[in-house]
Amino acid sequence: MIRIAGGSGFWGDWPQAPALQVRSGPIDYLVLDYLAEVTLSVMHRQRARDPNAGYATDFVTDIGELLPEIVEKNIKVIANAGGANPRACTQALIESARRQGIRSLRIAEVSGDDLFQELGSGGGLAEKIRPLEPDGLSVAEVLPRLTGAHAYIGVEPIVEALRQGAQVVLTGRCSDPSLFLAPFLHEFGVAPGDWDSRALGTVVGHILECGGQASGGNFQGDWRAVPDLEKLGFPIAEIEDPSRAVITKHASLGGLISPAVIKEQLVYEIGDPKRYITPDCTADFTSIRLDDLGNNRVEVSGVRGGPPPEELKLACYYEAGWMVSGEMTYTWPDARAKALAAGELVRRRTEQKVGLKFDEWRIECIGAGACHGDLSFDGIEPEEVILRIAACSKDRDACDWLGREMAPLILTGPPGATGFASGRPRASKRVAYWPGLIPRGCVRPKVEFFAS
Amino acid sequence: MKVRLHDIAHGRSGDKGNTVNIGVIARREEWYPLLVEQLTVERVASYLRPLAEGPVERHELPSLAALNFVVRKALGGGGSISLRLDAQGKTYAQALLRMEIEVPEGMTELFKPPPG
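In order, the protein sequence lines correspond to chains P and S. Using the numbering used here, read the first sequence as starting at 1 and increasing by one per residue. Using the numbering used here, read the second sequence as starting at 1001 and increasing by one per residue.
What follows is the structure, given as structure tokens:
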């Protein structure tokens, strides 16, 4: 039996989770996901400022200090923490190991996902890309503004890294479930055409990739019923054979593993459930069978799968001007009306400055329908609301000017304004995400080995 | 009688570019047909219109007693460029769960969620 433990669902996730997974019971693999769609665009900016940045630094901090225990217990670690700069991540982890006197830690670095240089070199790669979304921008519109391009690579290079004895596998952009499928394929020697087994491992990966969201976090079903969230145990998959898996958690930790909890994660961001596509297979989520074994154990079985498409997904990022947002709090009486009036006031004052052009505005009242708009506001006067103004422009100066118009509201706008201690909002670069498709043969994943 | 969808279902939502994905799960398996009957593509699209342009696709997952809605043009451009507070549609499931739906008389006695 192998135990695969989830340790992170995004960059910024709960920093105590990896240590709790390592220290609260047996696990064989600790797998950490750091990359949401937007994360790589943040990492590109960091790398542009510092050639040694652009990866998930939390990984090195949190896993670095666990290295002695990880080595002693022979836990294998797999993470996409490399982000936009896997080499810098590898080097930082090696330094952390050496500082602690850990020698010969075997680290595998998986790269080849980053196609930005090759796309810019005019070698014909650009002609092979096509858009994933039919109603979005064309390739020709995106390419001149491109700031990054990463193919979602699949499970094979990670399996190869494990086969060659890596204790830590670091990747850049790969499909999230592939990180979790790799130990499954490595341990059970699943045959290449065994799509049902690959699909089961992929479903397990989908359950684990969002960390505590599959063990009681963010649980709309009955959030009050989840015990001991302060000691939340992230999910663990126990697998004895490649036809079924049991999702559970360490018994001493908090959280809840139930069919309702697992179902919420199963329907999260899946698109067409009959065709859940990764580079490794196409999984049919309508075939999933869940059985409640009790005692925080849910069995997943019955999963059917098929081959993946010939093309890989390509995450492209392009510059889309500037944006800025600022907030101001208004209290009773007339909290909402004053906030909306102040928002309009800022808009008119900013726009009357000659030459400042904005593409889009958004004025929201946090506390009175900011998230759900007209669906939620019921006309009851809230005690206080937070005015949130956001705008975007091709002009950085326009966004910075809007930032200057926020604080003056205190003395020059509607009464009862407070809560403006966080400083003047500044323009930030707006980087858009554009998903494309690229033929599999154009992407050549690479595995390199390092030792501390 | 009318109840909130939240009384008979729970759910979770998230983003893929400018598309939001909303999964809705019946709190009891025997209530799944109510979701199938009431949460038509037309009703959901029209209900979510203040938040999302659409179109809306509906997918059925009977073995999980769940429906999955894929709602396009829903996030003001997508997670990294949207001006919205909820740029990634993390609370769209809660928005949909506010919807009023019609259930048989007397069903409210069962609204305590089953254990687990």
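For each residue, glycine too, the CB sits at the ideal point set by N, CA and C.
Cross-chain neighbours of residue i in chain P, by beta carbon under 9 Å
i          : result
Lys1016(S) : Glu37, Glu269, Gly271 and Pro435
Ser1046(S) : Neighbours of Ser1046(S) on chain P: none; closest Cβ ~12 Å, over 9 Å.
Ala1095(S) : Cys371, His372, Gly373, Leu375 and Ser376
Proximal chain S residues relative to residue i, where beta-carbon distance stays under 7 Å
i         : result
Cys392(P) : Leu1083
Ala126(P) : Correct list: empty, because the minimum Cβ distance to chain S is about 20 Å.
Val431(P) : Ser1080
Contacts that residue i makes with chain P (C-beta to C-beta distance below 8 Å)
i          : result
Thr1091(S) : Cys371 and His372
Gly1054(S) : Chain P residues near Gly1054(S): none, gap ~12 Å exceeds 8 Å.
Ile1025(S) : Gly221, Ala260, Lys263, Glu264 and Val267
Straight-line gap, residue i to residue j (C-alpha atoms, nearest Å)
i          : j          : result
Ser287(P)  : Glu37(P)   : 27 Å
Tyr29(P)   : Ala5(P)    : 6 Å
Ser138(P)  : Phe420(P)  : 42 Å
Asp194(P)  : Phe1111(S) : 43 Å
Met1(P)    : Leu200(P)  : 16 Å
Leu1096(S) : Arg1012(S) : 10 Å
Glu209(P)  : Val159(P)  : 18 Å
Gly1077(S) : Ala432(P)  : 8 Å
Arg1058(S) : Phe184(P)  : 32 Å
His150(P)  : Tyr318(P)  : 12 Å
Pro157(P)  : Gln164(P)  : 11 Å
Ala390(P)  : Asp359(P)  : 11 Å
Gly1089(S) : Gly101(P)  : 45 Å
Asp284(P)  : Trp11(P)   : 28 Å
His250(P)  : Arg1084(S) : 38 Å
Val1071(S) : Leu437(P)  : 21 Å
Leu293(P)  : Arg396(P)  : 57 Å
Leu40(P)   : Met1107(S) : 48 Å
Phe59(P)   : Ser111(P)  : 17 Å
CB contact below 8 Å: residue i versus chain S
i         : result
Ile357(P) : The sequence as given places Lys at residue 357(P); Ile does not occur at that position. With 8 Å as the cut-off, Lys357(P) does not count as an interface residue toward chain S.
Gly326(P) : no
Glu109(P) : no
Glu95(P)  : no
Thr286(P) : yes
Ala151(P) : no
Ala245(P) : no
Glu539(P) : Outside the shown range of chain P, which is 1 to 452, sits residue 539(P), and nothing can be said about it.
Met1(P)   : no
Beta-carbon spacing of residue i, residue j below 8 Å
i          : j          : result
Glu109(P)  : Phe450(P)  : yes
Val300(P)  : Val204(P)  : yes
Leu387(P)  : Glu344(P)  : no
Ala79(P)   : Leu32(P)   : yes
Ile270(P)  : Pro235(P)  : no
Leu66(P)   : Val22(P)   : yes
Val400(P)  : Arg362(P)  : The question names Val, but residue 400(P) in the sequence shown is Asp. Contact: no.
Ala182(P)  : Leu162(P)  : yes
Leu1051(S) : Ala1074(S) : yes
Ser104(P)  : Ser452(P)  : yes
Ile1025(S) : Val267(P)  : yes
Ser178(P)  : Ser24(P)   : no
Residue-chain proximity (residue i, chain P), Cβ-Cβ < 8 Å
i          : result
Asp1086(S) : yes
Tyr1051(S) : At residue 1051(S) the sequence reads Leu, which differs from the Tyr that was named. For Leu1051(S), the answer is yes, since a Cβ of chain P falls inside 8 Å of its Cβ.
Leu1039(S) : no
Arg1004(S) : no
Leu1034(S) : no
Gly1011(S) : yes
Three-state secondary structure assigned by DSSP to residue i
i          : result
Phe116(P)  : helix
Lys1090(S) : coil
Glu95(P)   : helix
Thr350(P)  : helix
Met1(P)    : coil
Ile78(P)   : strand
Glu109(P)  : strand
Pro144(P)  : helix
Thr57(P)   : helix
Pro1050(S) : coil
Arg1072(S) : coil
His150(P)  : strand
Gly193(P)  : coil
Asp395(P)  : coil
Trp401(P)  : helix
Glu383(P)  : coil
Glu310(P)  : coil
Gly124(P)  : coil
Residues that residue i contacts on chain P, provided the C-beta gap is smaller than 7 Å
i          : result
Val1070(S) : Gly271
Ala1066(S) : Lys263 and Val267
Under 8 Å from the C-beta of residue i: neighbouring residues of chain S
i         : result
Ile438(P) : Those do not exist, as Ile438(P) stays about 17 Å from chain S at its closest Cβ, beyond 8 Å.
Thr278(P) : Neighbours of Thr278(P) on chain S: none; closest Cβ ~14 Å, over 8 Å.
Under 9 Å by beta carbon: chain S residues contacting residue i
i         : result
Ala368(P) : Residues of chain S passing the Cβ test: none, with the nearest at roughly 12 Å.
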